[in-house]
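Undergrad:
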Amino acid sequence: MDLEAVRARIAQAARRAGRDPAAITIVAVTKGHPTAAAREALTAGLPDIGENRVQEALEKMEAWPDAPVRWHLIGHLQRNKAKHAVGRFALIHSLDSARLADALEQEAAKRDLVQDVLVEVNVARESQKSGAMPEEAEAVVAHAATLPHLRVCGLMTMAPLTDEEGVIRATFRGLRELRDRNASRFALHPSHLSMGMSNDFEIAVEEGATMLRLGTVLFGERQP
-15 MDLEAVRARI
-5 AQAARRAGRD
5 PAAITIVAVT
15 KGHPTAAARE
25 ALTAGLPDIG
35 ENRVQEALEK
45 MEAWPDAPVR
55 WHLIGHLQRN
65 KAKHAVGRFA
75 LIHSLDSARL
85 ADALEQEAAK
95 RDLVQDVLVE
105 VNVARESQKS
115 GAMPEEAEAV
125 VAHAATLPHL
135 RVCGLMTMAP
145 LTDEEGVIRA
155 TFRGLRELRD
165 RNASRFALHP
175 SHLSMGMSND
185 FEIAVEEGAT
195 MLRLGTVLFG
205 ERQP
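Using my numbering, the first residue of the sequence shown is number -15, and each one after it goes up by one.
1. Can you check which of these residues, M117, R95 and D50, is closest to S78 by C-alpha distance?
2. Return the first residue and the last residue of the beta strand (DSSP E) that H60 is part of.
3. With a CB to CB cut of under 6 Å and the five nearest residues on each side skipped, what residues in its chain are close to D80?
4. When you compare only the Cα positions, how much space is there between R163 and T141?
5. Tell me which residues share the same chain as P52 and place their Cβ nearer than 8 Å to its Cβ, disregarding the 5 neighbours each side in the sequence.
6. Determine the DSSP secondary structure at Q222, reduced to helix, strand or coil.
7. According to the Cβ coordinates, are Q90 and G71 closer than 9 Å?
8. For the beta strand (DSSP E) holding T9, just list the boundary residues, first then last.
9. With a cut-off of 8 Å on the beta carbons, I'd call L57 and F73 a contact; round off their distance for me.
10. Put L131 into one of helix, strand or coil per three-state DSSP.
11. Got a sec? Which residues, its chain only, sit under 8 Å from D4 by beta carbon, not counting five neighbours each side?
12. Can you give, in chain order, each stretch of the alpha helix (DSSP H) that sits fully within the segment 133 to 206 and has at least 4 residues?
13. So which of G192, C137, A128 and R135 has the shortest CA-CA distance to A154?
14. To which residues of the same chain is A(-5) closer than 8 Å at the C-beta, ignoring the five residues directly before and after it?
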């Protein structure tokens, strides 16, 4: 893992945008990698670990029950899996509907805890991707903000897989602008922007990302 090179790229992008690199968290995505990858990330100074699938994450949690890490669920979450996610993840990045918010609220209330979430927004309106459409996202934020056992901590998006920097930048900028509108209306805490992956994280930093979801650039290609 060449973390120093990645951190240097983040710092350079932050400087271009007049930002403090310390305000940007790397979520090390270990999807498709063994639990050893999460241990490697922690040893390197990355205590935030991201997983796409609930089941794979739970298997790693069971294999490493005393892990001093913060687990992030970054993949799509079905309502029937809410009971397995609430209380197990420090942050769920993929709240995309009022119905899922209600399911998470119900499970969090049973456990008497407050679950931190991000609202996932399909800024680029890609039919193959999950996430609330931009015009629906504010309603999802508004609904979740009324639920006592959920805390909306910001927004998440994925940019299209393209070499067109303008398209990627517009996606990230769109999420930031949506966050800024909602931050004042609903007092998001602390108003995170989870955006940017291995192929586009520098653009995300320039557009205001506070969390980067990095896998390949840290661990190499996933196992087949």
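For glycine and all other residues, C-beta sits at the position ideal for the given N, C-alpha and C. Just so it is clear, the structure is predicted and the values come from calculations on it, not from any experiment.
TA: Put simply:
1. Mapped onto the sequence shown, residue 78 falls at position 94. With distances taken between Cα atoms, S78 lies closest to M117.
2. Residue 60 sits at position 76 when you count from the first residue of the sequence shown. Here H60 belongs to no beta strand (DSSP E), and DSSP marks it neither H nor E.
3. The residue given as residue 80 occupies position 96 in the sequence shown. Within the same chain, D80 has close Cβ partners E104, S114, G115 and A116.
4. Along the sequence shown, one-based indexing puts residue 163 at 179. Along the sequence shown, one-based indexing puts residue 141 at 157. So the alpha carbons of these two residues sit roughly 11 Å apart.
5. In the sequence shown, the residue the question calls residue 52 occupies position 68. Cβ neighbours of P52 beyond the five flanking positions: L26 and P31.
6. In the structure as shown, the chain begins at -15 and stops at 208. Residue 222 is therefore absent and cannot be evaluated.
7. Walking along the sequence shown from the start, residue 90 turns up at place 106. Walking along the sequence shown from the start, residue 71 turns up at place 87. If you check the CB distance, Q90 and G71 do not come in under 9 Å.
8. If you number the sequence shown from 1, residue 9 lands on position 25. Where T9 is concerned, the enclosing beta strand (DSSP E) stretches over T9 to V13.
9. Here residue 57 refers to the residue found at position 73 when the sequence shown is read from its first residue. Here residue 73 refers to the residue found at position 89 when the sequence shown is read from its first residue. Confirmed, about 4 Å.
10. Stepping through the sequence shown from its first residue, residue 131 is reached at position 147. In this structure, L131 counts as coil in the three-state DSSP scheme.
11. In the sequence shown, residue 4 corresponds to position 20, counting from 1. Answer for D4: A(-2), listed in chain order.
12. Those alpha helix (DSSP H) runs which fall completely within the segment 133 to 206 and span 4+ residues are 149 to 170, 185 to 190 and 200 to 203.
13. Here residue 154 is taken as the residue at index 170 of the sequence shown, counted from 1. Out of G192, C137, A128 and R135, G192 has the C-alpha closest to the C-alpha of A154.
14. Here the question's residue -5 lines up with position 11 in the sequence shown. If we look at A(-5) and ignore the five residues flanking it on each side, its Cβ neighbours are P5.
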